[in-house]
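Okay, structure first, notes after.
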Amino acid sequence: MSDALFSFQLIAEQRINEAIEKGELDNLPGQGKPLDLDDDTHLPPEMRMAYRILKNAGYVSPEVEQRREIASIREMISQCEDEELCYRQVQKLNLLVTKLNMQRKVPINLEAEQVYYHKVVGRVPVKDRKK
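Here our numbering is used: the first residue of the sequence shown is 238, the next is one more, and so on.
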């Protein structure tokens, strides 16, 4: 564990202990009950077992995989210094977000992503291709 991570963990534990001492964590909803980390109430009952089997086998849905790829491309763009490569990655990002929207049939909330997109596009200098 890195020193920074260890320091962060110590600070977090200290603040949790202080909150416990002050009683700030008393009478919270669900206190004393186990956490339900596998909440699948959003799935139709007939699909729950199939999804659980796929999840246990390490399979992730195409949407989750696409979101991971989008995050990876964003990271690459933020560190990219090659103009041509950056431009291609922005195009790929646009395609993936468009495909994700089309699959969902309801646009995902892209307001924050659009702000990020415009920041990225603003960083990419465009060459005059007419020369």
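A virtual CB, placed ideally from N, CA and C, is assigned to each residue, including glycine.
Would you kindly work out how many angstroms separate the C-alpha atoms of residue i and residue j, rounded to a whole number?
i              : j              : result
valine 334     : isoleucine 314 : 15 Å
arginine 285   : aspartate 319  : 46 Å
glutamine 268  : leucine 262    : 9 Å
asparagine 264 : cysteine 317   : 49 Å
proline 299    : threonine 278  : 20 Å
leucine 280    : proline 271    : 21 Å
lysine 259     : arginine 252   : 11 Å
leucine 337    : glutamine 303  : 7 Å
leucine 242    : alanine 287    : 37 Å
Which term fits residue i, buried or exposed, when burial requires 16 or more other beta carbons within 10 angstroms of its beta carbon?
i              : result
leucine 330    : buried
isoleucine 290 : exposed
glutamine 340  : exposed
glutamine 326  : buried
glutamine 310  : What sits at residue 310 in the sequence shown is isoleucine, not glutamine. The residue is buried, with at least 16 neighbouring Cβ atoms inside 10 Å.
Where does residue i fall in DSSP's three states?
i             : result
lysine 270    : coil
aspartate 263 : coil
alanine 294   : coil
proline 299   : helix
cysteine 323  : helix
threonine 335 : helix
lysine 368    : Below a pLDDT of 50, predicted positions are generally treated as unreliable, and lysine 368, at 49, falls in that range; the measurement from the model is reported next regardless. Coil.
glutamate 318 : coil
aspartate 277 : coil
Tell me which residues share the same chain as residue i and place their Cβ nearer than 7 Å to its Cβ, disregarding the 5 neighbours each side in the sequence.
i           : result
alanine 256 : Leu262
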